[in-house]
Amino acid sequence: MKTPMPGTGERFRSGKPATMKEHVDSVPPYQREIYQRGARGQNPRVPMHFEELQAKARQQLPARAFAYVAGGAGQESTQRANRRAFEDWHIQPKMLRDVSERTMKLTIFGREWRAPLMLSPVGALGLVREQADALVARAAARCRTPMVFSNQASVKMETCASLLGDSPRWFQLYWSKSQELVASLVSRAEACGCEAIVVTLDTPLLGWRPRDLQLGSLPFARAIGLAQYLSDPVFQSYLDEVQLRPGGPITLAALQVFYEACRNYGGSLWQNLRTRRPLKAVQQFIDIYSRTDLVWADLEFLRQHTRLPIVLKGILCAEDARLALDAGMDGIWVSNHGGRQVDGARTSLSALVEVVAEVKGAVPVFFDSGIRAGADVFKALALGATAVGLGRPFALALGLAGEEGVVEVIENTLAELDLTMALAGCCNLEEVRAHRLLR
Ligand SMILES: Cc1cc2nc3c(=O)[nH]c(=O)nc-3n(C[C@H](O)[C@H](O)[C@H](O)COP(=O)(O)O)c2cc1C
């Protein structure tokens with residue numbers, strides 16, 4: 006029996022003579038530029054391969070910074086499994102499909118994105134580099150890649166927003182014990198032009214993270230990752246009332262932490278030492294950071310306080326996806342927080358398959374945890390993700406090479422995604438989504 010022609014498009018049937026342009030495109034411009042720079046003796050600033058990126062970051066970043074970014078929960082089995090899950094799925098390249106014209110564009114909540122890739126919210130990046138989130142915002146704007154402001158950012162959202170031009174941005178919320186603070190953060194996000202609120206559900210408590218525990222390192226104790234709070238009028242108003250609880254013995258290390266908290270708090274060092282307001286901020290943050298009693302019905306509060314789409318991050322099963330739909334949520338973000346919360350939790354990729362089957366296209370399904378390169382993005386899309394988030398790779402690149410490092414990681418990922426599409430026989434994201442992966 007004759008195999009039917011694939012697809013319905015004319016492009017499968019009628020060959021057209023290759024033009025000069027198509028010959029040039031057989032090495033896409035970004036890749037060509039890398040080879041040309043290489044020929045002049047200029048190598049990429051950050052290693053192309055994730056394992057090497059991580060190894061270099063281990064050598065060069067301060068121990069506390071590397072532990073925080075690279076570490077996961079417990080024995081890090083979920084973190085490893087996230088990667089293995091990608092390796093269990095295989096792309097089936099298809100031939101003779103005319104892939105000379107390709108696009109990665111898509112529309113999310115009414116806004117056109119360059120590609121199905123965004124920067125996941127990553128907190129406490131101030132550990133990794135000064136002005137961290139501001140550098141990330143500059144890179145995101147240059148790459149026209151959406152940025153999700155972390156609730157635990159080290160630069161306040163207003164500053165990052167001002168650096169983003171008209172590039173898309175979302176705000177990620179950790180639901181505080183103070184509803185007033187939640188409302189304030191959300192209204193600031195709206196004022197900053199955020200186009201969605203992402204509520205992260207998987208961190209009502211910080212996971213058991215041995216690498217940080219071993220170093221006794223909690224960035225927030227040094228007022229790293231508190232920029233959204235310190236710049237918030239509601240949070241600041243609470244500090245007037247804070248009574249400091251007695252601390253432990255005054256050691257050199259404790260003084261160092263206090264000094265760093267004062268520095269990160271900003272303003273006059275002398276004033277900070279005198280009022281001890283940075284310590285009050287740290288204590289207040291720890292007291293109200295999150296709610297362990299949050300339930301599905303609470304989402305109504307957020308709905309009443311924002312006109313923006315609400316996306317729930319941390320969903321890992323069909324049952325919760327159904328509850329999210331029933332609660333009228335606008336998007337679901339499948340994630341196990343990069344294996345940082347529950348060691349032994351299922352892989353994000355296996356949850357994606359289940360959630361996509363439950364949601365049946367009713368709302369977009371976002372994905373992260375384990376994306377290391379463009380081929381991973383392809384696989385997640387083929388398994389039904391609408392768009393994916395990049396996490397550790399950009400955080401480590403930020404540490405190694407600042408803004409330029411982040412730009413490189415984003416552009417490398419997008420270039421590899423584009424090539425993977427072409428070599429698999431796909432010209433657009435509909436074709437990627439229709440692509441059947443093999444197990
Ligand atoms: C250092 C670090 C900090 C993070 N901070 C946040 C955060 O503030 N809010 C949040 O929702 N997720 C946070 N995440 C989780 C990421 O958004 C994302 O889910 C995770 O990085 C995906 O895993 P991967 O980086 O291994 O691909 C953080 C992840 C890392 C590595």
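When the letters of the sequence shown are read in order and numbered with this note's numbering, they come out as residues 6 to 444. We put the CB at the ideal spot given by N, CA and C, even for glycine.
query                                                                                                                                                             : result
Among residues of its own chain, excluding the 5 on either side of L231, which ones have a beta-carbon nearer than 7 Å to its beta-carbon?                        : F225, A286 and F290
Report all residues from its chain with a CB closer than 6 Å to the CB of G128; omit the five preceding and five following residues, and keep chain order.        : S155, Q157 and G230
Three or more beta-carbon pairs under 8 Å between the segment 118 to 127 and the segment 86 to 104, yes or no?                                                    : no
Quick check: does the Cβ of S167 come within less than 7 Å of any heavy atom belonging to ligand 1?                                                               : no
In chain order, what residues of the same chain have a beta carbon less than 7 Å from the beta carbon of P398, not counting five sequence neighbours either side? : F55, L58, R377 and V414
Could you check how far apart the C-beta atoms of A62 and G404 are, in whole angstroms? I think they sit under 8 Å.                                               : 5 Å
Quick one, which of D217, H440, G170 and D138 has its alpha-carbon nearest V160's?                                                                                : D138
Tell me whether W94 sits in a helix, a strand or coil according to DSSP, three-state version.                                                                     : coil
For M6, which three-state DSSP category applies?                                                                                                                  : Below a pLDDT of 50, predicted positions are generally treated as unreliable, and M6, at 49, falls in that range; the measurement from the model is reported next regardless. Correct three-state label for M6: coil.
Please indicate yes or no: does the CB of P151 lie closer than 7 Å to some heavy atom of ligand 1?                                                                : no
Suppose the cutoff is 7 Å on Cβ atoms and the five residues either side in sequence are ignored; what does the same chain contact list for E27 look like?         : At E27 the pLDDT is 48, less than 50, meaning the model places this residue with poor confidence and gives no usable figure here.
Using only the heavy atoms of ligand 3, determine whether one of them is closer than 7 Å to the beta carbon of I415.                                              : The ligand content of the structure shown is limited to ligand 1, which means ligand 3 is not among them.
Please report the straight-line C-alpha distance between R438 and A385, rounded to a whole angstrom.                                                              : 9 Å
Report yes if the C-beta distance between L178 and I202 is below 8 Å; otherwise report no.                                                                        : yes
Run through DSSP, which three-state label would R227 get?                                                                                                         : helix
Identify whether E27 lies in helix, strand or coil by the three-state DSSP scheme.                                                                                : Any answer about E27 is weak, because its pLDDT of 48 lies below 50 and its placement is not dependable; what the coordinates show is given next. The answer is helix: DSSP assigns E27 an H, G or I state.
What does E117 pair with, by DSSP beta-bridge criteria?                                                                                                           : T112
Taking 7 Å as the cut-off, does the CB of A129 come closer than this to any heavy atom belonging to ligand 1?                                                     : yes
Is it true that the CB of L223 sits closer than 8 Å to the CB of D217?                                                                                            : yes
Would M100 be called buried (16 or more neighbouring beta carbons within 10 Å of its own) or exposed?                                                             : exposed
Got a sec: does ligand 1 put a non-hydrogen atom nearer than 7 Å to the Cβ of R397?                                                                               : yes
Under a Cβ-count criterion, where at least 16 other Cβ atoms within 10 Å of its own Cβ denotes burial, should V153 be classed as buried or exposed?               : buried
Cβ atoms of S353 and V374: under 8 Å apart, would you say?                                                                                                        : It should be noted that the sequence gives Ser, not Val, for residue 374. Yes. Within cutoff.
Is any non-hydrogen atom of ligand 1 found closer than 7 Å to the C-beta of T205, if you look at the structure I gave you?                                        : yes
Under a Cβ-count criterion, where at least 16 other Cβ atoms within 10 Å of its own Cβ denotes burial, should F71 be classed as buried or exposed?                : buried
Less than 8 Å separating the beta-carbons of M5 and A392?                                                                                                         : With the chain represented from 6 up to 444, any question about residue 5 goes unanswered, as that position is not in the structure.
Hey, would you say D381 sits closer than 8 Å to F91, going by beta carbons?                                                                                       : yes
Pull up the CB-CB distance for V360 and V339, whole angstroms please, since I reckon it's below 8 Å.                                                              : 5 Å
What are the start and end residues of the beta strand (DSSP E) that includes Q80?                                                                                : No beta strand (DSSP E) holds Q80; DSSP gives it neither H nor E.
Shortest alpha-carbon distance to M53 belongs to which of D423, C431, N417 and A429?                                                                              : N417
In this structure, what does DSSP give as the bridge partners for I315?                                                                                           : I202
Just the Cα atoms here: how many angstroms apart are P34 and A429?                                                                                                : 19 Å
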